[in-house]
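**Q** Going down the list, the sequences are from chains P and C. Here the working numbering is used: position 96 in the first sequence is 579, and no number is missing along the way. Here the working numbering is used: position 327 in the second sequence is 810, and no number is missing along the way.
Number of protein chains: 2
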Amino acid sequence: MNNPTLKQIASQLGISITTVSKSLKGYSDVSEKTKKAVIDLANQLNYTPNSFAVNLRTKESKTIGLIIPTLVHDFFSSVIDGILEEAEKRDYMVIILQSNEKVELEKKQIDLLLNKRVDGILMSLSNETGDFEHLKTIISHNTPLVLFDKIAKLVNCSKVTINDRKAAYDAVCYLIKKGYKKIAHFRGSYLPQNSIDRFLGYKKALEDNNIIYDPSLVFVCENNMDFEDGYENAIKVVNEHPEIDAIFAVTDLVAIGIIKYLNDVGIPIPKQIAVFGFSNWFMSSVISPKLSTIDQPGFEIGRKSASILFDEINLKKNNLPVVFQSIELGTTIIERQST
Amino acid sequence: MNNPTLKQIASQLGISITTVSKSLKGYSDVSEKTKKAVIDLANQLNYTPNSFAVNLRTKESKTIGLIIPTLVHDFFSSVIDGILEEAEKRDYMVIILQSNEKVELEKKQIDLLLNKRVDGILMSLSNETGDFEHLKTIISHNTPLVLFDKIAKLVNCSKVTINDRKAAYDAVCYLIKKGYKKIAHFRGSYLPQNSIDRFLGYKKALEDNNIIYDPSLVFVCENNMDFEDGYENAIKVVNEHPEIDAIFAVTDLVAIGIIKYLNDVGIPIPKQIAVFGFSNWFMSSVISPKLSTIDQPGFEIGRKSASILFDEINLKKNNLPVVFQSIELGTTIIERQST
Chain P
484 MNNPTLKQIA SQLGISITTV SKSLKGYSDV SEKTKKAVID LANQLNYTPN SFAVNLRTKE
544 SKTIGLIIPT LVHDFFSSVI DGILEEAEKR DYMVIILQSN EKVELEKKQI DLLLNKRVDG
604 ILMSLSNETG DFEHLKTIIS HNTPLVLFDK IAKLVNCSKV TINDRKAAYD AVCYLIKKGY
664 KKIAHFRGSY LPQNSIDRFL GYKKALEDNN IIYDPSLVFV CENNMDFEDG YENAIKVVNE
724 HPEIDAIFAV TDLVAIGIIK YLNDVGIPIP KQIAVFGFSN WFMSSVISPK LSTIDQPGFE
784 IGRKSASILF DEINLKKNNL PVVFQSIELG TTIIERQST
Chain C
484 MNNPTLKQIA SQLGISITTV SKSLKGYSDV SEKTKKAVID LANQLNYTPN SFAVNLRTKE
544 SKTIGLIIPT LVHDFFSSVI DGILEEAEKR DYMVIILQSN EKVELEKKQI DLLLNKRVDG
604 ILMSLSNETG DFEHLKTIIS HNTPLVLFDK IAKLVNCSKV TINDRKAAYD AVCYLIKKGY
664 KKIAHFRGSY LPQNSIDRFL GYKKALEDNN IIYDPSLVFV CENNMDFEDG YENAIKVVNE
724 HPEIDAIFAV TDLVAIGIIK YLNDVGIPIP KQIAVFGFSN WFMSSVISPK LSTIDQPGFE
784 IGRKSASILF DEINLKKNNL PVVFQSIELG TTIIERQST
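The structure is reproduced here in structure tokens:
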């Protein structure tokens, strides 16, 4: 049967719609007898209120929205876990939307979340996102927004990131200290800030150690930085530059693609080519050889982003001023067999 | 600024709220002049309608809901991709909720989706789900529901599954044909139908090949069938039953945990113990030794489930009868190095 309306309940009981609505919300100015009659009939008719758990006085819906480029990724999975943990503590639900790295979808998803009146939004931007009007829409709607991982420097909101440039710099300096000299880099695409920063860290580490930067040793992972990107670019670099002795990959998934190729063609790791990843996905300690990487605290990034968002939701609810934060979490080098 | 109400727009223009509402929905019984005035003011005030893209006549919101136990899992990631592909074709958005294998959260999420008036719901049940009243709620609200993977036999709706029992039976028969005799099984928990069926397939394959079923060779993956389950149960089985020559794991992630342990302690695979997984996660062809497994068509399961759901949404919209389907997709054995 279709969802009954307040009007139907009112009509059946011979009372006003307002009284029905107040009864369902537990207003004190309605008699207990009336409230009971309304609730009993509502249950009997399987009535569902138009907005889940909406308290008419505070307009709070106990949901937040999360838009991420991809769900199925070593890093994002830990982030989601961190967000969900913070949300569950506060009895909030998280509506998750995947933008699939497409900015058009990202825009529609923002519209959806605003229309569903979520209390706040968490986002990591798509690889295609180059202008930020759609993000400013969230802010002009007075909905708290926290960006993490792939952020927009020009948008005025709280952000949680790692220092991608420093992390990449440390990774490449580590490789150089180990004696590697001809270091290739499999970078992410050109728009995302973290991809730009990891590349710049790589470049600076070479320069600071008097190694000439050679652009032909840099390969772009067009395929959204996944396993195939690693595998296919490994084929290219080994054929075009057999002299390389190490590869620094923008993510572990890419690095694992590299390792698969090198294993397939019998190139010893690290003896002939060392491999260094980024993010410390659990599989990096499972494959053979185990992958050296940057530990990227995904769970903590999720937890912290959500925590800041809930604080801002609360401050807004109480009409208190919000001071935006830019949090940078630390990273460490995890040394394993591949270097 | 806060989202303006219809009342504010009506008041500012000196017209009724009904006229404002009709103007925004494009009703033909409002003059073009009035419609334009309303739309211009609404845009100026950054008005967002209360329900995204809702057409008052058809009540269609172009969203469906998806509730799955976990996002970050070899199998579910392909399923999500299949669902998103079908949704994008039809310009639908998918609200994704993760139940985290908790039935209480699953129930709240169903309430949320019904309250947000999604057009239909796709679900794979949590490991804890033992009774199905909350699923029947969806049906009694006349919202199309399609279950996949972990389904409820007793709920009257369309379902998309694989024949878990046959797939497991084939897997174990394959192991027996290869000469393995003392085959352990790392099973899923006791409630999910697919876990029960994979166990029953294992058992029947032993019986049909005159191998006595030994319950002490069966270990339960309590940890939601993940990597740690495989690793820890492998420690147990190797210590308690060193005579085993093969392990059939309920998922690839569990199998990879087994392989890690056996590699760590130097037990040769398959020479001393063979390992067989389930689902054909991409990492199963990357690790060493490469994992034999059952190919479980995750993407196709997602695609088919979504496709059936959209058909049922359309039939319902046109007041046509719906005949529920139970689709069983085929699986194949992928033979690799681990057996």
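By construction, the Cβ of each residue, glycine as well, lies at the ideal position given by its N, Cα and C atoms.
How many angstroms separate the CA atom of ALA536(P) from the CA atom of ALA525(P)?
**A** Bear in mind that a pLDDT of 37 at ALA536(P), under 50, signals an unreliable position, so the number given afterwards is only what the model happens to contain. So the alpha carbons of these two residues sit roughly 15 Å apart.
**Q** CA-CA distance, VAL586(P) and THR612(P)?
**A** CA-CA distance, VAL586(P) to THR612(P), rounds to 5 Å.
**Q** Starting from PHE669(P), trace the beta strand (DSSP E) both ways and give me its first and last residue.
**A** 666 to 670
**Q** If you follow the alpha helix (DSSP H) that ILE730(P) is in, where does it begin and where does it stop?
**A** That residue, ILE730(P), is in no alpha helix (DSSP H); its beta strand (DSSP E) goes 729 to 732.
**Q** In the DSSP assignment, find the alpha helix (DSSP H) that holds THR502(C) and state where it starts and stops.
**A** 500 to 508
**Q** Give every residue of the same chain whose Cβ lies closer than 7 Å to the Cβ of GLN592(C), excluding the five residues on either side of it in the sequence, and list them in chain order.
**A** Answer for GLN592(C): ILE550, LEU580, SER582, listed in chain order.
**Q** Kindly indicate which three-state DSSP category ALA651(C) falls into: helix, strand or coil?
**A** helix
**Q** Is the beta carbon of GLY548(C) closer than 7 Å to that of ARG786(C)?
**A** Not in contact: ARG786(C) and GLY548(C) (Cβ atoms no closer than 7 Å).
**Q** With DSSP as the reference, please indicate the residues paired to GLU773(C) in a beta bridge.
**A** Reading off the sequence shown, one finds Lys at residue 773(C), where the question assumed Glu. Answer is none; LYS773(C) lacks a bridge partner.
**Q** What residues match up with SER641(C) in a beta bridge as DSSP calls it?
**A** By DSSP's assignment, SER641(C) forms a beta bridge with VAL629(C).
**Q** When you compare the region 767 to 774 of chain P with the region 789 to 800 of chain P, are there three or more beta-carbon pairs, one atom per stretch, that lie closer than 8 Å?
**A** Because the criterion of three Cβ pairs below 8 Å is not met, the region 767 to 774 of chain P and the region 789 to 800 of chain P do not touch.
**Q** Where does GLN581(C) fall in DSSP's three states?
**A** Residue state, collapsed to three classes: strand.
**Q** Excluding the five sequence neighbours on either side, which residues of its own chain have a C-beta within less than 6 Å of the C-beta of ASN746(C), listed in chain order?
**A** none
**Q** For a contact defined as C-beta to C-beta under 7 Å, what are the partners of LYS591(C) on chain P?
**A** Correct list: MET576.
**Q** With respect to the alpha helix (DSSP H) encompassing ALA828(C), which residues constitute its N-terminal and C-terminal limits?
**A** Residue 828(C) is absent from the model: chain C starts at 484 and stops at 822.
**Q** Are ILE713(C) and VAL737(C) closer than 7 Å when you measure CB to CB?
**A** Before going further, note that residue 713(C) is Gly rather than Ile in the sequence given. Contact: yes.
**Q** Hey, PRO772(P) and GLN808(P): beta-carbon distance below 7 Å or not?
**A** For the 7 Å CB-CB criterion, PRO772(P) and GLN808(P) do not form a contact.
**Q** Return the CA-CA distance between ILE796(C) and ASP602(C), expressed in angstroms with no decimal places.
**A** Approximately 7 Å, taken between the alpha carbons.
**Q** Evaluate LYS542(P) with the Cβ neighbour count: other Cβ atoms within 10 Å of its Cβ, from every protein chain shown; 16 or more gives buried, anything less gives exposed.
**A** Note that LYS542(P) scores a pLDDT of 40, beneath 50, so its modelled location is shaky; the value from the coordinates is reported in the next line. Under this definition LYS542(P) is an exposed residue.
**Q** What does LYS754(C) touch in chain P if you count any residue whose Cβ is under 9 Å from its own?
**A** Result: empty, since nearest Cβ-Cβ is about 17 Å, beyond 9 Å.
**Q** Tell me which residues share the same chain as PHE702(C) and place their Cβ nearer than 8 Å to its Cβ, disregarding the 5 neighbours each side in the sequence.
**A** ALA667, HIS668, PHE669, ARG670, ASN716, LYS719, VAL720
**Q** Give the interface partners of ILE739(C) over in chain P, defined as CB-CB distance under 9 Å, in chain order.
**A** MET766, VAL769
**Q** What does the alpha-carbon distance come out to for the pair VAL503(C) and THR517(P)?
**A** 34 Å
**Q** Given that PHE710(P) touches chain C, what residues does it touch there, using C-beta distances under 7 Å?
**A** What PHE710(P) touches in chain C: PHE765.
**Q** With 16 other CB atoms within 10 Å as the buried threshold, where does ASP478(P) fall?
**A** The displayed coordinates of chain P run from 484 to 822. Any statement about residue 478(P) would go beyond what the structure contains.
**Q** Taking Cβ positions only, does LEU528(P) come closer than 7 Å to chain C?
**A** no
**Q** Give the DSSP-derived three-state secondary structure of PHE807(P) in the structure shown.
**A** coil
**Q** Can you name the residues that DSSP bridges to ALA757(C)?
**A** ALA729(C)
**Q** Check whether the region 603 to 610 of chain C touches the region 625 to 637 of chain P, counting contact only when three or more Cβ pairs, one atom from each stretch, lie closer than 8 Å.
**A** Between the region 603 to 610 of chain C and the region 625 to 637 of chain P, the count of Cβ pairs shorter than 8 Å is below three; the stretches do not touch.
**Q** At what residues does the alpha helix (DSSP H) containing ILE791(C) begin and finish?
**A** 781 to 800
**Q** For a test of the three-state rule: what should DSSP assign to LEU812(C), helix, strand or coil?
**A** The answer is strand: DSSP assigns LEU812(C) an E or B state.
**Q** Determine the burial state of LEU803(C): buried for a count of at least 16 other Cβ atoms within 10 Å of its Cβ, exposed for fewer.
**A** exposed
**Q** Could you check whether the Cβ of LYS585(P) sits closer than 7 Å to any Cβ belonging to chain C?
**A** no
**Q** Taking 8 Å as the threshold, find out whether the region 677 to 685 of chain P comes into contact with the region 657 to 664 of chain P through three or more Cβ pairs.
**A** no
**Q** Any C-beta of chain P sitting closer than 7 Å to the C-beta of LYS490(C)?
**A** For LYS490(C), the answer is no, since every Cβ of chain P falls outside 7 Å of its Cβ.
**Q** Establish whether the CB of ILE500(C) and some CB of chain P are separated by less than 7 Å.
**A** At a cut-off of 7 Å between C-beta atoms, ILE500(C) does not count as an interface residue with respect to chain P.
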